[in-house]
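Accompanying notes for the structure given below.
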Amino acid sequence: MTGSPFVIVGASLCAATAAATLRDSGFDGPIVMLGAEDLVPYERPALSKEYLRGGSSIDDTFVRPALWYADNGIDLRTGTTVVQIEPATREVVLAGGERIGYERLLVATGSRNRRLDVEGSDLPGISDLRTVGDSDEIRAAASSGAKVVCIGMGFIGAEVAASLAEMGCIVTVVEIFETTLFRVLGPELGRVVERLHRDHGVTMHFNDKVERFEGDLRVERVVTSGGLSLEADLVVVGIGTEPAMDVMTGTGLDDPAGIPVGPTLETAIPGVFAAGDVARHEHPVFGPIRVEHFDNAIKMGATAARNMLGGSEVFDDPHWFWSDQYDSQIQMAGFAPTWDRMIVRGSLEEGSFCAFLLDERGVVRSSVSLDYKRDVRRSFGLIRSQIVPDPQALEDPDTDLRSLVPQD
Amino acid sequence: MPEFRSVGKGEEIGEGQAMAFDVDGQLIAVARSGGELFAFSDICTHRQCNLSSGGDIDGTAIECECHGSRFDMKTGEVLDGPAVDPIEVFEVREDGEDLQVGV
Chain A
449 MTGSPFVIVG ASLCAATAAA TLRDSGFDGP IVMLGAEDLV PYERPALSKE
499 YLRGGSSIDD TFVRPALWYA DNGIDLRTGT TVVQIEPATR EVVLAGGERI
549 GYERLLVATG SRNRRLDVEG SDLPGISDLR TVGDSDEIRA AASSGAKVVC
599 IGMGFIGAEV AASLAEMGCI VTVVEIFETT LFRVLGPELG RVVERLHRDH
649 GVTMHFNDKV ERFEGDLRVE RVVTSGGLSL EADLVVVGIG TEPAMDVMTG
699 TGLDDPAGIP VGPTLETAIP GVFAAGDVAR HEHPVFGPIR VEHFDNAIKM
749 GATAARNMLG GSEVFDDPHW FWSDQYDSQI QMAGFAPTWD RMIVRGSLEE
799 GSFCAFLLDE RGVVRSSVSL DYKRDVRRSF GLIRSQIVPD PQALEDPDTD
849 LRSLVPQD
Chain B
172 MPEFRSVGKG EEIGEGQAMA FDVDGQLIAV ARSGGELFAF SDICTHRQCN
222 LSSGGDIDGT AIECECHGSR FDMKTGEVLD GPAVDPIEVF EVREDGEDLQ
272 VGV
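Sequence lines, in order, name chains A and B. When we follow my numbering, the leftmost residue of the first sequence carries the number 449, and every step to the right adds one. When we follow my numbering, the leftmost residue of the second sequence carries the number 172, and every step to the right adds one.
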């Protein structure tokens, strides 16, 4: 050891998990964590749900209590922007010019929201959601009876639409694809979620997009390419994210698809690791992939930390996540941008099912459930092992999915 | 000394299974794993899902089916997040056919 610290760029769920894992693994050297936001690391799932609806506090979202970092010898510097990483000298450069040398480096800068660049998009009353402050801003404008237009019906858009509808807002959606969650779930499953929102009074306009926002002092109307003019007291934009790559400029790792890392989450620069939303990792089953899930942030942070300490653990997590909307829950695992065949246990019509997406070999690449909680997590072994299960067993609710994977 | 209450019959809970019982308005789950009985609060401390309804049991661990938190059924401690707070645990015994939880 040279005495330089392990430096973590980012102060998020992934970063905090990595720091905790370093300590849990017995590392007692210096750790510096650099976060651009002013808060200690916090979890974001509640920001579109309980926290947005006023049902939980900021403290509830903290990954660890605020004092935990100092108590564990972690030099957490919030409100600190890293502008550049310089692998040649093994330093990070902060805004203001300070340089911090590192023994090992973990980049966990996360992702940022795509912006909607149309006329009027700077008007007050148009929000997007990433931070606690964003959630506060949306809640402040979302009084009961307020007219809200949600742009985009991916997971964040769908969760925000659900929360705002539950808060008594009049919610209208403009979505560029033909149904909700289209890119992730495809048309058939997407329509089941669409129905869930319709049943809760949300009005949805598909195959349409925003042409411009109108209003004097703040947003008043959303005008779409399809010719709609929708009244709006509040607009929430949720049109996807991109990896937050600024600090990687000039390192050769600033790939717009995410920082490329190998199966052990180390980059091509020895001693530099990346994890969480920003990392595009070489997955043994799915190939190169970047995901933005809560569970992935935890597991990748932990694996990266162990490998920073000299481990060689391959990150082969099946990438599981959930989305709570109204009293319903979607769960999903795996990755299947296209699939050959879908097998359903339960019922799409009744909105209670687990669907398995199979490739041409008959291997389960992904599983998706709506209000059928048990089975997505039980399908991890199928996804990991890439065995070809009996389709009838997949369909039969009484077959324990774990029993379909041969034990070694 | 806890007061033991009869909640049902022990045979209702097979190996690797859990079932919840209402004890004075509190939902207490009883699980059987490795031949041993465990009793604990049925309510996950993360988002209040019922642990006994579909929570997978592995050794002394139970995994919440909603968001994947894992708890030690013996000590109540969190083995895996997102939950942070432990679940309450209780004594449990079988008296003949009678299943009893100590509250």
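For every residue, glycine included, the Cβ atom is placed at its ideal position computed from N, Cα and C.
_When you measure from the CB of Trp787/A to every non-hydrogen atom of the ligand COA, does any distance come out below 7 Å?_
With respect to the ligand COA, the structure shown offers nothing to examine, as it has no ligands at all.
*Distance, Cα to Cα, Ser224/B vs Ser583/A?*
Sequence index remark: in the second sequence, residue 224/B carries index 53 (1-based). Sequence index remark: in the first sequence, residue 583/A carries index 135 (1-based). Straight-line Cα distance between these residues: approximately 32 Å.
*According to DSSP, residues forming a beta bridge with Thr651/A*: As a first step, residue 651/A must be located in the first sequence, where it is residue number 203. According to DSSP, Thr651/A bridges with Thr620/A.
_Burial state of Lys180/B (16 or more Cβ within 10 Å)_ = Residue mapping note: residue 180/B aligns to position 9 of the second sequence, counting from 1. Exposed.
*Step through the CB atoms of chain B and report whether any lies within less than 8 Å of the CB of Trp787/A.*
On the first sequence, residue 787/A is found 339 positions in, with the first residue counted as 1. No Cβ of chain B is located within less than 8 Å of the beta carbon of Trp787/A.
*Which word fits Ile456/A, buried or exposed, when buried means at least 16 other C-beta atoms lie within 10 angstroms of its C-beta?*
Against the first sequence, residue 456/A aligns to sequence position 8. Its Cβ being crowded by 16 or more others within 10 Å, Ile456/A is buried.
_Just to check my reading of the structure: Asp844/A and Arg793/A have Cβ atoms closer than 8 Å, yes? What is that Cβ distance to the nearest angstrom?_
Position 396 of the first sequence, counted from the start, is the residue given in the question as residue 844/A. Position 345 of the first sequence, counted from the start, is the residue given in the question as residue 793/A. The Cβ separation is near 7 Å, so the contact holds.
*By Cβ distance below 6 Å, which residues in the same chain neighbour Phe603/A in space, the five residues on each side in sequence not counted?*
For the purposes of this step, residue 603/A is taken as the residue at position 155 of the first sequence. In chain order, Ser771 place their CB closer than 6 Å to the CB of Phe603/A, counting only its own chain and leaving out the 5 sequence neighbours on each side.
*Would you mind stating whether Val685/A and Asp576/A have Cβ atoms separated by less than 8 Å?*
Numbered from 1 along the first sequence, position 237 holds the residue referred to as residue 685/A. Numbered from 1 along the first sequence, position 128 holds the residue referred to as residue 576/A. Contact flag set, yes.
*What first and last residue would you give for the beta strand (DSSP E) that runs through Asp507/A?*
By 1-based counting over the first sequence, the position of residue 507/A is 59. No beta strand (DSSP E) contains Asp507/A, which is instead part of the alpha helix (DSSP H) from Ile506 to Thr509.
*Gln188/B lies in the beta strand (DSSP E); which residues open and close that run?*
Stepping through the second sequence from its first residue, residue 188/B is reached at position 17. Note, Gln188/B: beta strand (DSSP E), Gln188 to Val194.
_Please tell me whether His217/B has its Cβ less than 8 Å away from any Cβ of chain A._
Along the second sequence, read from residue 1 onward, the residue named residue 217/B stands at position 46. It does not; no Cβ of chain A falls within 8 Å.
*What are the start and end residues of the alpha helix (DSSP H) that includes Lys747/A?*
If you number the first sequence from 1, residue 747/A lands on position 299. Phe742 to Met756 is the span of the alpha helix (DSSP H), which, as asked, contains Lys747/A.
_Close beta carbons around Gly425/A, own chain, < 6 Å, minus the five adjacent residues each side_ = With chain A covering 449 to 856 only, the question about residue 425/A has no answer from this structure.
*When you compare each of Val726/A, Thr579/A and Gly710/A to Asp702/A by their alpha carbons, which one comes out closest?*
Along the first sequence, read from residue 1 onward, the residue named residue 702/A stands at position 254. Asp702/A has its Cα closest to that of Val726/A, out of Val726/A, Thr579/A and Gly710/A.
*Put Thr628/A into one of helix, strand or coil per three-state DSSP.*
Indexing the first sequence from 1 puts residue 628/A at position 180. In the structure shown, Thr628/A sits in coil (DSSP, three-state: anything other than H, G, I, E or B).
*asked:* So Ile479/A and Asp523/A are supposed to be a Cβ contact under 8 Å. How far apart are they, rounded?
replied: Within the first sequence, the letter at position 31 stands for residue 479/A. Within the first sequence, the letter at position 75 stands for residue 523/A. At roughly 7 Å, the Cβ-Cβ gap stays under 8 Å, so Ile479/A and Asp523/A are in contact.
*Spatial distance of Met449/A from Ala464/A (CA atoms)*: Along the first sequence, one-based indexing puts residue 449/A at 1. Along the first sequence, one-based indexing puts residue 464/A at 16. Low local confidence applies: a pLDDT of 45 at Met449/A is under 50, so the model's placement there is unreliable, with the coordinate-based value given in what follows. Those two C-alpha atoms are separated by around 22 Å.
*Report buried or exposed for Glu236/B, applying the criterion of at least 16 other Cβ atoms within 10 angstroms of its Cβ.*
Here the question's residue 236/B lines up with position 65 in the second sequence. The residue in question, Glu236/B, is buried, as its Cβ has 16 or more Cβ neighbours within 10 Å.
_Please report the distance separating the alpha-carbon of Ile233/B from that of Ser240/B._
The sequence position of residue 233/B within the second sequence is 62, counting from 1. The sequence position of residue 240/B within the second sequence is 69, counting from 1. Just so you know, the alpha carbons of Ile233/B and Ser240/B end up roughly 8 Å apart.
*Taking all protein chains shown into account, do 16 or more other C-beta atoms lie within 10 angstroms of the C-beta of Pro535/A, making it buried, or fewer, making it exposed?*
Looking up residue 535/A in the first sequence gives position 87. Under this definition Pro535/A is a buried residue.
*Are Ile885/A and Ser817/A closer than 8 Å when you measure CB to CB?*
Residue numbering for chain A in the displayed model covers 449 to 856; residue 885/A lies beyond these limits and cannot be assessed.
*Of the residues Pro635/A, Ile737/A, Leu629/A and Glu623/A, the one placed nearest Asp656/A, counting alpha carbons only*: Position 208 of the first sequence, counting from 1, holds the residue named residue 656/A. Taking only the C-alpha atoms, the option nearest Asp656/A is Glu623/A.
*Using alpha carbons as the reference points, say which of His645/A, Ala680/A, Phe654/A and Val650/A lies closest to Glu662/A.*
Locating residue 662/A in the first sequence gives position 214, counting from the first residue. The residue with the shortest Cα to Cα distance from Glu662/A is Ala680/A.
_Less than 7 Å between C-beta atoms, sequence neighbours within five positions excluded: which residues of the same chain meet that for Ile258/B?_
Taking the second sequence and counting its residues from 1, one reaches residue 258/B at position 87. Same-chain partners within the cutoff: Phe211, Ser212, Thr216, Phe242 and Gly247.
*Length of the line joining the Cα atoms of Gly549/A and Val540/A*: Taking the first residue of the first sequence as position 1, residue 549/A is located at position 101. Taking the first residue of the first sequence as position 1, residue 540/A is located at position 92. Rounded to the nearest angstrom, the two C-alpha atoms are 6 Å apart.
*For chain A, find out if any of its Cβ atoms is closer than 8 Å to the Cβ of Asp227/B; answer yes or no.*
The residue labelled residue 227/B in the question sits at position 56 within the second sequence. With 8 Å as the cut-off, Asp227/B counts as an interface residue toward chain A.
_Integer Cβ distance of Ala803/A from Ser815/A, believed to fall under 8 Å_ = Along the first sequence, one-based indexing puts residue 803/A at 355. Along the first sequence, one-based indexing puts residue 815/A at 367. That pair is a contact at about 7 Å.
*asked:* So, at 7 Å on beta carbons, what are the nonlocal neighbours of Val670/A in its own chain, with the 5 sequence-adjacent residues on each side left out?
replied: Residue numbering aside, residue 670/A sits at position 222 when the first sequence is read from its first letter. Closer than 7 Å at the Cβ level, and outside the excluded window around Val670/A, lie Val597, Val622, Val658, Phe661, Leu678, Ala680 and Val683.
*Does the separation of the CB atoms of Val201/B and Val272/B fall below 8 Å?*
Walking along the second sequence from the start, residue 201/B turns up at place 30. Walking along the second sequence from the start, residue 272/B turns up at place 101. In contact: Val201/B and Val272/B (Cβ atoms closer than 8 Å).
*Supposed close pair Glu607/A, Gln773/A - CB separation, criterion 8 Å*: The residue you call residue 607/A lines up with position 159 of the first sequence. The residue you call residue 773/A lines up with position 325 of the first sequence. Yes, Glu607/A and Gln773/A are in contact; Cβ-Cβ is about 6 Å, under 8 Å.
*Mind checking the segment 721-748 of chain A against chain B and listing, in chain order, the residues whose C-beta falls within less than 8 Å of any C-beta there?*
Listed in sequence order: Phe742, Asp743 and Ile746.
_Outcome for Val640/A when other beta-carbon atoms lying within 10 angstroms are tallied against a minimum of 16_ = Your numbering for residue 640/A matches position 192 in the first sequence. The residue is buried, with at least 16 neighbouring Cβ atoms inside 10 Å.
*Would you identify the three-state DSSP class for Thr469/A, choosing helix, strand or coil?*
Within the first sequence, residue 469/A is the residue found at index 21, counting from 1. Looking at Thr469/A - three-state DSSP - the assignment turns out to be helix.
_Beta-carbon proximity check, Ala752/A vs Phe721/A, cutoff 8 Å_ = Counted from its first residue, the first sequence places residue 752/A at position 304. Counted from its first residue, the first sequence places residue 721/A at position 273. Yes, the Cβ-Cβ distance between Ala752/A and Phe721/A is below 8 Å.
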